[in-house]
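Inspection log for the structure reproduced underneath, given as structure tokens.
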Amino acid sequence: MQTNPKTPSTFTGQDLHLSYGGPPIVEELTVTIPTQAITAIIGPNGCGKSTLLKALARILIPEQGKVEVNEVDIHSQSTKEIARQLGLLPQNPRSPDGITVSDLIQRGRYPHQGIFRQWSREDESSVSKALSLTGLTNFSDRPIDELSGGQRQRVWIAMLLAQETPIMLLDEPTTHLDIAHQIEVLDLLKELTEQHNRTIVMVLHDINLAVRYANNLIAMRDGEIKTAGKPRDVLTAQMIHDVFSIQAQILPDPISGSPLCIPVIGSS
Amino acid sequence: MHYLAIATPTLQRSLTVLAGICLTIFLIQLADRIKPRSYTFRWKNISSRIQLRVVWLSLGTIIVITILTGVGLIVGDYPIPASKAIATALWDRNGEYDFIINSLRFPRIIVAILAGMCFASSGLIFQSLINNPLVSPDIIGINSGAAVLAVAILAAGGNIEYLPWAAFLGALLTAALIYLLSWKRGISATRLVLVGIGINSVLGAIITYITIKYPIERVVAAARWQAGTLFGATWDDARTLLIGLLILLPSAFFLTTRLRTLQLGDETAITVGSKIERDRLALLAVASLLAALAVSVVGPLGFVALIVPQAARLLVGSITGGVLIFTALLGGFFLLGADLIAQRLFAPVMLPAGVITATFGGPYFLYLLARYNRAN
């Protein structure tokens, strides 16, 4: 990519109170996301990690508190303006019937378009870059329904790439993927932060992959951040016990030396 | 001999209709050969891209509509020579056929085309917005809403002049009611359809109640209106439709980008920067107005809004501004063709066009579906 979207200097959530109209899910949560790095959020089901991600992506309006990019509240900006700064890959994105790969990816360009500005050179180059980065160039005219789960996930990531946002939020980008495709997706995200200055926040279930790829790890439980920081510091047997209520051993990974979490079966 | 005399013209007409259908199918097959290429237009800050396939198919549809218009002017219980028919329609206001052409046939043709355009574009917006190919204004009760007030006026022997207004109002009130009843921290497409189907059946019951309560001779008129007919269409009707279309179709055209975004689901739509509730309301309003407009003039003609967008989607893919225009044209062609068949097939008996849209629409739909399944 020749041009990278402008990197924000700060991305924070302050004093967030989140709910879906019922009982509070997250209360008084404050989080600072390091820019140009990968942040992974881990935690048990229902701990509020997806809820937090939705609030950061401004899908969920906080009852109290605010999310700020460059110290400006995202809800105070126009929707298209903020959509040029941060994008989200939801957990189960829905594609319209019979739509082709390139058609879907093009729709990611919406925040850059206007009534008369429908297909600029930037639109065209962003879409082709997104296609080539995700290895989908040869699939561009294929209907999405004909693709495998892994390919389909890459199409959605490509759409997010076409949006050209400096901040990318992904809710479980590797679910439904086999190990090879998981690695492929995470390698791509790593490349995006290292070479294209993207700031990435993702919810992951696989603790070991989170540790391997993330620069910053956030462990959540019951709507609270239990601990956050460098994966090497965060991943301890105590943390696993506190967050997931299971016993685990932490061993150095024989290849990379990064910590590896091994649950002790029958210990819970 | 006597039976043959009756049977022969009907047979001839049936064969003509069959030939027309075969021709349409042939043209569709031909259209498939067109490669999906696109043309990009850029000038200063203005840029746009069109699929060439949509352009060619739209031009083809316009040509077919023009031919059908000519046919519609010429044929009838009182055949008129082609040259005279066309001259009378276009410039010669003093010819001997002036009344038949300019008061009966021509306005009816134009009304059929414009009403078909309204129904089809309305159906396309509903289907795309709700992401369900089986949704159309007739199924979620908008046509029934128009019918309740219209049938009430007809059955109660009210002033016929108010009929279009009553129908228009009925359709809009129903659309508003569906919208309000579906609202629960936002509009969900599924809820909208379910509420719509519920309202449709309630309205159907009210219509049945009205028709059994009132004397039979008035009810017949109501039943005829309900089937959807272009009989007695006037230039005033055409003008109403044209003005409405000139406002609504461009609005819909500029809303298609937003519609394409809404199709991605609420979460994705928000993150690419769309104001989902505002955009959805605007689209539902435009689609409801298009349906209400057409129903107020020609009655609740079924199937056009359901089938034509489906056909268009199978031919050119998911919605864009160009696809919207093509769908509208295809709707014009479909209703015009259906009305010509309705008038001529069992002449001198004239069927309401709605009967034909349903009888021919069904199998045509199945054909397209089969073709689509084979392609996959």
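Chains A and B, in that order, are what the protein sequence lines are.
Oh and the first sequence: position 19 is 19 in the working numbering, straight run, nothing missing.
Oh and the second sequence: position 147 is 147 in the working numbering, straight run, nothing missing.
Quick reminder that beta carbons are idealized off the backbone N, C-alpha and C, glycines included.
- For Leu192/A, the three-state secondary structure derived from DSSP is helix.
- The Cβ atoms of Val298/B and Ala146/B lie no closer than 8 Å to each other.
- The Cβ neighbour count for Gln226/B, taken over all protein chains shown within 10 Å, is at least 16; the residue is labelled buried.
- About 24 Å separates the Cβ atoms of Arg105/B and Gly60/B, ruling out a contact at the 8 Å cut-off.
- Between Ser136/B and Gly204/B, the alpha-carbon positions lie close to 16 Å from each other.
- Taking the C-beta atoms as reference points, Leu194/B is found no nearer than 8 Å to Ser288/B.
- Taking Pro44/A as reference, the option from Leu29/A, Ile225/A and Lys230/A with the minimal CA-CA separation is Ile225/A.
- Of all residues in the segment 250 to 268 of chain B, only Phe254, Thr257, Arg260, Thr261, Gln263, Leu264, Gly265, Glu267 and Thr268 come within less than 7 Å of chain A when Cβ atoms are compared, listed by chain position.
- Taking 9 Å as the cut-off between beta carbons, the residues of the segment 78 to 97 of chain A near chain B are Ser78, Thr79, Lys80, Glu81, Ile82, Ala83, Arg84, Leu86, Gly87, Leu88, Leu89, Pro90, Gln91, Asn92, Pro93, Arg94, Ser95, Pro96 and Asp97, in sequence order.
- Residues of chain A with a Cβ closer than 9 Å to the Cβ of Ile270/B are, in chain order, Ala57, Arg58, Ile59, Thr79, Ala83 and Leu88.
- Taking 4 residues as the minimum length, the alpha helix (DSSP H) runs contained wholly in the segment 18 to 69 of chain A are 49 to 56, in order along the chain.
- Taking a C-beta cut-off of 7 Å against chain B, the contacting residues of the segment 101 to 114 of chain A are Asp103, Arg107, Gly108, Tyr110, Pro111 and Gln113, listed in chain order.
- The alpha-carbon separation between Ala40/A and Asn200/B amounts to approximately 49 Å.
- The Cβ neighbour count for Ile82/A, taken over all protein chains shown within 10 Å, is at least 16; the residue is labelled buried.
- DSSP lists Leu169/A as the bridge partner or partners of Leu88/A.
- DSSP places Ile216/B outside any beta strand (DSSP E); the residue lies instead in the alpha helix (DSSP H), whose first and last residues are Ile216 to Ala227.
- In chain order, Gly72 place their CB closer than 6 Å to the CB of Leu340/B, counting only its own chain and leaving out the 5 sequence neighbours on each side.
- Taking a C-beta distance under 8 Å as the contact criterion, Arg258/B and Asp279/B qualify as a contact pair.
- Using a CB distance below 7 Å, the part of the segment 146 to 174 of chain A facing chain B consists of Gln163, ordered along the chain.
- A straight-line Cα-Cα distance of about 57 Å links Arg239/B and Thr199/A.
- Residues of chain B with a Cβ closer than 7 Å to the Cβ of Ile99/A are, in chain order, Ser318.
- In this structure, Gly98/A is the residue among Gly98/A, Gln118/A, Glu28/A and Pro254/A with its C-alpha nearest to the C-alpha of Asp145/A.
- Interface criterion not met: the Cβ of Gly13/A is under 8 Å from no Cβ in chain B.
- In the assembly as shown, Tyr78/B is an exposed residue. Its beta-carbon has fewer than 16 other beta-carbons within 10 Å.
- Identification of chain B residues near Gly21/A by a Cβ-Cβ cut-off of 9 Å yields Arg185, ordered along the chain.
- Taking the C-beta atoms as reference points, Trp156/A is found no nearer than 8 Å to Ser47/B.
- Leu163/B has its alpha-carbon roughly 26 Å from the corresponding atom of Leu283/B.
- Residue range Trp235 to Leu262 is occupied by the alpha helix (DSSP H) that includes Leu248/B.
- In this structure, Asn197/A sits away from Ile38/A, with a CB-CB distance that is not shorter than 8 Å.
- When Cβ-Cβ separations below 8 Å define contact, Ser182/B makes no contact with chain A.
- CA-CA distance, Glu71/A to Leu255/B, rounds to 33 Å.
- Secondary structure of Val272/B (DSSP, three-state): coil.
- Taking the C-beta atoms as reference points, Val219/B is found nearer than 8 Å to Thr211/B.
- With its beta carbon less than 8 Å from one in chain B, Ser120/A belongs to the interface.
- Selection Ala305/B, Ser274/B and Phe126/B evaluated against Tyr179/B yields Phe126/B as nearest (Cα-Cα).
- Against chain A, the beta carbon of Thr40/B has neighbours under 7 Å at Trp119, listed in chain order.
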